[in-house]
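Trainee: Protein chains in written order, with the working numbering: chain E, 110 to 444; chain A, 110 to 444. Following this message is one structure expressed as structure tokens.
There are 2 protein chains.
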Amino acid sequence: MATSIALIGSGIFAKEEHLPAIRATPLLDLKAVYSRSHASAQALASGITVDLYSEDQEGRTYDDLLKRDDISGVVIALPILVQPTFIKKALAAGKHVIAEKPIAKDVATAAELISWYRANSPNATFAIAENFRYLESFLYGAQEVAKLGRILGFRTRVSNFVQPGGKYFETAWRKKPEYQGGFLLDGGVHFVAATRLLLGENKPVKTSAFSTLLQEHLPPVDTLNATLLLKSGASGVVDISFGTTFKGAEYAVAAEKGTVQVTRGKVTVTVDGKEEVTEFPEEGSGVKQEIKAWAESLVKGTPNEAQSPEEALRDLEILEAMLKSGENGGAPVAL
Amino acid sequence: MATSIALIGSGIFAKEEHLPAIRATPLLDLKAVYSRSHASAQALASGITVDLYSEDQEGRTYDDLLKRDDISGVVIALPILVQPTFIKKALAAGKHVIAEKPIAKDVATAAELISWYRANSPNATFAIAENFRYLESFLYGAQEVAKLGRILGFRTRVSNFVQPGGKYFETAWRKKPEYQGGFLLDGGVHFVAATRLLLGENKPVKTSAFSTLLQEHLPPVDTLNATLLLKSGASGVVDISFGTTFKGAEYAVAAEKGTVQVTRGKVTVTVDGKEEVTEFPEEGSGVKQEIKAWAESLVKGTPNEAQSPEEALRDLEILEAMLKSGENGGAPVAL
Numbered sequence: 110m111a112t113s114i115a116l117i118g119s120g121i122f123a124k125e126e127h128l129p130a131i132r133a134t135p136l137l138d139l140k141a142v143y144s145r146s147h148a149s150a151q152a153l154a155s156g157i158t159v160d161l162y163s164e165d166q167e168g169r170t171y172d173d174l175l176k177r178d179d180i181s182g183v184v185i186a187l188p189i190l191v192q193p194t195f196i197k198k199a200l201a202a203g204k205h206v207i208a209e210k211p212i213a214k215d216v217a218t219a220a221e222l223i224s225w226y227r228a229n230s231p232n233a234t235f236a237i238a239e240n241f242r243y244l245e246s247f248l249y250g251a252q253e254v255a256k257l258g259r260i261l262g263f264r265t266r267v268s269n270f271v272q273p274g275g276k277y278f279e280t281a282w283r284k285k286p287e288y289q290g291g292f293l294l295d296g297g298v299h300f301v302a303a304t305r306l307l308l309g310e311n312k313p314v315k316t317s318a319f320s321t322l323l324q325e326h327l328p329p330v331d332t333l334n335a336t337l338l339l340k341s342g343a344s345g346v347v348d349i350s351f352g353t354t355f356k357g358a359e360y361a362v363a364a365e366k367g368t369v370q371v372t373r374g375k376v377t378v379t380v381d382g383k384e385e386v387t388e389f390p391e392e393g394s395g396v397k398q399e400i401k402a403w404a405e406s407l408v409k410g411t412p413n414e415a416q417s418p419e420e421a422l423r424d425l426e427i428l429e430a431m432l433k434s435g436e437n438g439g440a441p442v443a444l
Numbered sequence: 110m111a112t113s114i115a116l117i118g119s120g121i122f123a124k125e126e127h128l129p130a131i132r133a134t135p136l137l138d139l140k141a142v143y144s145r146s147h148a149s150a151q152a153l154a155s156g157i158t159v160d161l162y163s164e165d166q167e168g169r170t171y172d173d174l175l176k177r178d179d180i181s182g183v184v185i186a187l188p189i190l191v192q193p194t195f196i197k198k199a200l201a202a203g204k205h206v207i208a209e210k211p212i213a214k215d216v217a218t219a220a221e222l223i224s225w226y227r228a229n230s231p232n233a234t235f236a237i238a239e240n241f242r243y244l245e246s247f248l249y250g251a252q253e254v255a256k257l258g259r260i261l262g263f264r265t266r267v268s269n270f271v272q273p274g275g276k277y278f279e280t281a282w283r284k285k286p287e288y289q290g291g292f293l294l295d296g297g298v299h300f301v302a303a304t305r306l307l308l309g310e311n312k313p314v315k316t317s318a319f320s321t322l323l324q325e326h327l328p329p330v331d332t333l334n335a336t337l338l339l340k341s342g343a344s345g346v347v348d349i350s351f352g353t354t355f356k357g358a359e360y361a362v363a364a365e366k367g368t369v370q371v372t373r374g375k376v377t378v379t380v381d382g383k384e385e386v387t388e389f390p391e392e393g394s395g396v397k398q399e400i401k402a403w404a405e406s407l408v409k410g411t412p413n414e415a416q417s418p419e420e421a422l423r424d425l426e427i428l429e430a431m432l433k434s435g436e437n438g439g440a441p442v443a444l
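Okay, here's the thing in structure tokens:
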């Protein structure tokens with residue numbers, strides 16, 4: 110009953126998150142691993158019996174892997190700039206795909222990818238992995254917000270300082286100028302996804318933001334301070350920085366009957382001055398849950414809505430709108 | 110050596126704050142109290158030996174009070190819409206004035222008042238009372254921020270729910286449509302003043318905001334979610350609501366070497382992960398300190414810069430810009 114799959118990519122996240130997540134579910138059977146070089150494929154798969162594919166092995170390239178009839182799905186975790194090409198090839202070969210967020214480097218590329226998918230892949234399904242949609246703390250928080258009546262406001266703040274030399278910092282593709290927003294794009298879509306989850310049906314309709322580069326080693330910009338207007342007329346603030354001395358993350362929503370605050374793994378619901386704290390010490394990164402959900406969707410034959418490329422596009426649209434507003438001195442951008 | 114003064118106004122703040130503050134400093138001698146009606150003047154001054162003035166007493170009106178040679182200053186705490194007229198009359202009569210913030214209902218009125226003052230009052234001085242500039246927590250916070258290098262970001266959030274029937278809610282003038290922003294104006298200038306204090310020389314240069322009315326009983330708007338761009342290019346978020354279920358206030362600044370957080374009466378300075386908390390349990394509302402500072406400035410004959418009408422105008426300019434941006438769907442407003 111397990112679906113046979115391949116893991117495409119051997120970066121930090123593939124090694125530390127996808128590989129253990131794939132191995133943790135009996136619904137998936139990892140048959141092969143692909144990386145640009147044989148050495149990196151080998152490093153990823155050390156201690157595991159899988160076939161290794163790479164561009165530097167004759168007859169064992171990505172294209173060769175896609176020809177295998179016994180592999181029906183791929184987990185793609187490659188640099189964002191090259192992902193769309195790998196995704197299209199896999200879908201064209203009839204393989205189900207789950208690829209890491211963000212769906213693409215920008216909305217235009219993502220939209221093109223989605224319309225290509227909808228037109229050209231009648232059978233193979235395309236999912237985007239957004240692990241924040243699988244964190245129990247956000248799911249529970251969203252469920253509690255929904256009980257508290259209309260939303261009055263919200264704030265999302267995520268404060269980090271990415272050190273030069275840090276493990277994610279040293280990823281070459283994040284430093285390319287074609288990759289708009291740098292860490293803000295890569296991390297930001299997570300934070301937008303979590304915020305949207307908490308806000309439920311009350312969709313963001315407009316944003317304004319100021320952006321800046323606080324730390325020279327994090328170009329093009331490392332900080333966004335934004336406001337987000339919701340369909341209902343309520344609004345909130347979003348402040349994200351990868352170059353600040355502020356620390357920690359907080360997602361908070363005020364609704365008519367109370368407030369919900371999510372700090373990674375911990376949800377505080379306050380109603381009539383009474384606080385109820387619920388902790389989710391086991392939620393981890395959410396990757397195990399999302400890979401399991403993907404495996405289940407393959408068994409059922411029905412794509413999981415939370416993994417649809419359209420959902421991922423929505424996160425990217427909001428983040429890109431914030432970046433564009435920042436580039437244009439805070440001019441509001443409709444969503 | 111005490112300066113003889115009169116207290117103009119008998120509202121909640123005059124009674125609970127100004128009167129005790131005046132009586133607390135030996136530098137001031139309260140000679141008279143004025144209110145619109147004799148009854149309210151009497152109520153304010155119950156138990157104190159002062160002369161009572163009011164519009165319903167022949168020969169004991171505001172104009173009569175201003176004719177007294179033995180009174181050299183007035184503390185004015187009247188509804189914002191009528192204050193400018195009372196201020197001009199007092200200055201024209203040669204009395205030093207300290208009047209409650211906001212300096213006026215809007216920037217245009219405030220600017221006119223200031224230019225009238227600069228042109229027509231060579232001797233009598235005009236001060237605006239902004240008690241937040243006298244809160245030790247903000248003063249200490251500002252001093253600590255200044256030690257921590259360039260500013261990376263900041264956030265100011267003040268969350269309240271003004272109940273119908275609450276003591277300040279039932280002030281008729283706050284409900285008049287001419288009074289832009291309602292509680293947001295009245296309270297907002299405080300929060301802007303405190304934020305500016307913490308930011309020091311790094312002045313705000315642009316703002317964008319979404320505003321809304323969350324609670325029907327608090328028109329025209331009760332909530333602002335804003336971003337504020339600083340001269341240096343860094344930016345921050347400001348969220349203020351008088352109609353939310355969020356609670357509490359936080360002013361936080363991130364600078365190169367650490368962060369400073371001020372929550373009323375408590376300052377947390379974090380440098381290299383080490384938190385240092387300093388509490389100011391005695392700071393109260395700051396009104397005692399500001400009235401004392403005003404009294405000292407009268408003795409010295411030099412106006413106190415922190416009480417200059419230009420400082421108060423700056424607070425109002427920023428708040429009005431946020432309100433205007435909110436009215437215009439978040440279009441940024443230069444400061």
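Every residue, glycine too, gets a C-beta built ideally from N, C-alpha and C.
(1) Out of A:Pro129, A:Val347, A:Val191 and A:Gly182, point me to the one whose CA is closest to Thr336 of chain A's CA.
(2) Restricting to Cα atoms, I'd like to know which of E:Thr332, E:Leu444, E:Arg259 and E:Ala404 is closest to Ala363 of chain A.
(3) Is the distance from the Cβ of Pro129 of chain A to the Cβ of Lys397 of chain A below 9 Å?
(4) Just by C-beta distance, which residues in the stretch 407-439 of chain A are closer than 7 Å to chain E?
(5) Hey, quick one: how far does the beta strand (DSSP E) through His205 of chain E stretch, first residue to last?
(6) What is the C-beta distance between Thr304 of chain E and Leu444 of chain E, in whole angstroms, given that I count them as a contact (C-beta under 8 Å)?
(7) So, do the stretch 228-243 of chain E and the stretch 201-208 of chain E have three or more beta carbon pairs nearer to each other than 8 Å?
(8) Using a Cβ-Cβ cut-off of 9 Å, state whether Gly275 of chain E counts as contacting chain A.
(9) Can you confirm whether the stretch 393-413 of chain A touches the stretch 250-268 of chain A when touching is taken to mean that 3 or more C-beta pairs between the two stretches lie within less than 8 Å?
(10) Assuming Val369 of chain A and Leu307 of chain A form a contact by the criterion Cβ under 8 Å, report the distance between their Cβ atoms to the nearest whole angstrom.
(11) Rounded to whole angstroms, how far is the Cβ of Ile185 of chain A from the Cβ of Ile196 of chain A, which I believe are closer than 8 Å?
(12) Counting only runs that start and end within the stretch 175-208 of chain A, where is the alpha helix (DSSP H) found for 4 or more residues in a row?
(13) Is the beta carbon of Glu164 of chain E closer than 9 Å to that of Arg145 of chain E?
(14) Check whether the Cβ of Phe319 of chain E lies closer than 9 Å to any Cβ atom in chain A.
(15) Does Val376 of chain E come within less than 9 Å of chain A when only Cβ atoms are used?
(16) The stretch 329-340 of chain E: which residues have C-beta closer than 7 Å to a C-beta of chain A, in chain order?
(17) By alpha-carbon positions, which one of E:Ile427, E:Leu200 and E:Gly156 ends up nearest to Ile180 of chain E?
(18) Closest Cβ-Cβ distance between Pro441 of chain E and chain A: below 9 Å?
(19) Start and end of the beta strand (DSSP E) containing Ala415 of chain A?
(20) Using the beta-carbon of each residue, which ones in chain E are nearer than 9 Å to Leu308 of chain A?
(21) Going by C-alpha distance, which of A:Glu384, A:Leu323, A:Leu338 and A:Leu248 is nearest Asn437 of chain E?
(22) Within the stretch 111-185 of chain E, note down every full beta strand (DSSP E) run reaching 3 residues or more, in order along the chain.
(23) Counting only runs that start and end within the stretch 360-390 of chain E, where is the beta strand (DSSP E) found for 3 or more residues in a row?
(24) Are the CB atoms of Leu153 of chain E and Ile131 of chain E nearer to each other than 9 Å?
(25) Give the residues from the stretch 358-371 of chain E that approach chain A closer than 8 Å (Cβ to any Cβ), ordered along the chain.
(26) Against chain E, does Ser163 of chain A count as a neighbour if the rule is that its beta carbon must be under 9 Å from one of theirs?
(27) Could you check whether Ile349 of chain E and Phe300 of chain E sit closer than 9 Å to each other, using their CB atoms as the reference points?
(28) Just the C-alpha distance for Val183 of chain E and Trp403 of chain E, rounded to the nearest angstrom, thanks.
(29) Compute the Euclidean distance between the alpha carbons of Glu399 of chain E and Leu257 of chain E, then round it to the nearest angstrom.
(30) By alpha-carbon positions, which one of E:Leu428, E:Glu365, E:Pro441 and E:Ser406 ends up nearest to Val216 of chain E?
(31) Just the Cα atoms here: how many angstroms apart are Thr387 of chain A and Val254 of chain A?
(32) Using a Cβ-Cβ cut-off of less than 9 Å, give me the residues of the stretch 177-193 of chain A that come near chain E, in sequence order.
(33) Would you say Lys315 of chain A lies against chain E (beta-carbon separation less than 9 Å)?
(34) May I have the straight-line CA-CA distance separating Gly352 of chain A from Leu422 of chain E, to the nearest angstrom?
(35) Comparing C-alpha positions only, which one of E:Leu244, E:Thr218, E:Ser230 and E:Thr372 sits nearest to Lys204 of chain E?
(36) Going by DSSP, which residues form a beta bridge with Leu338 of chain A?
Mentor: To lay it out plainly:
(1) A:Val347
(2) E:Thr332
(3) yes
(4) Gly438 and Gly439
(5) His205 to Glu209
(6) Not a contact, Cβ separation roughly 13 Å.
(7) yes
(8) no
(9) no
(10) 7 Å
(11) 6 Å
(12) 192-201
(13) yes
(14) yes
(15) no
(16) Thr332, Asn334, Ala335, Thr336 and Leu338
(17) E:Leu200
(18) yes
(19) That residue, Ala415 of chain A, is in no beta strand (DSSP E); it is neither H nor E in DSSP.
(20) Result: empty, since nearest Cβ-Cβ is about 14 Å, beyond 9 Å.
(21) A:Leu338
(22) 112-117, 137-144, 160-163 and 182-185
(23) 367-372, 375-380 and 383-388
(24) no
(25) Ala361, Ala363, Ala364, Glu365, Lys366, Gly367 and Thr368
(26) no
(27) yes
(28) 11 Å
(29) 27 Å
(30) E:Leu428
(31) 14 Å
(32) none
(33) yes
(34) 33 Å
(35) E:Ser230
(36) A:Lys315 and A:Ser344
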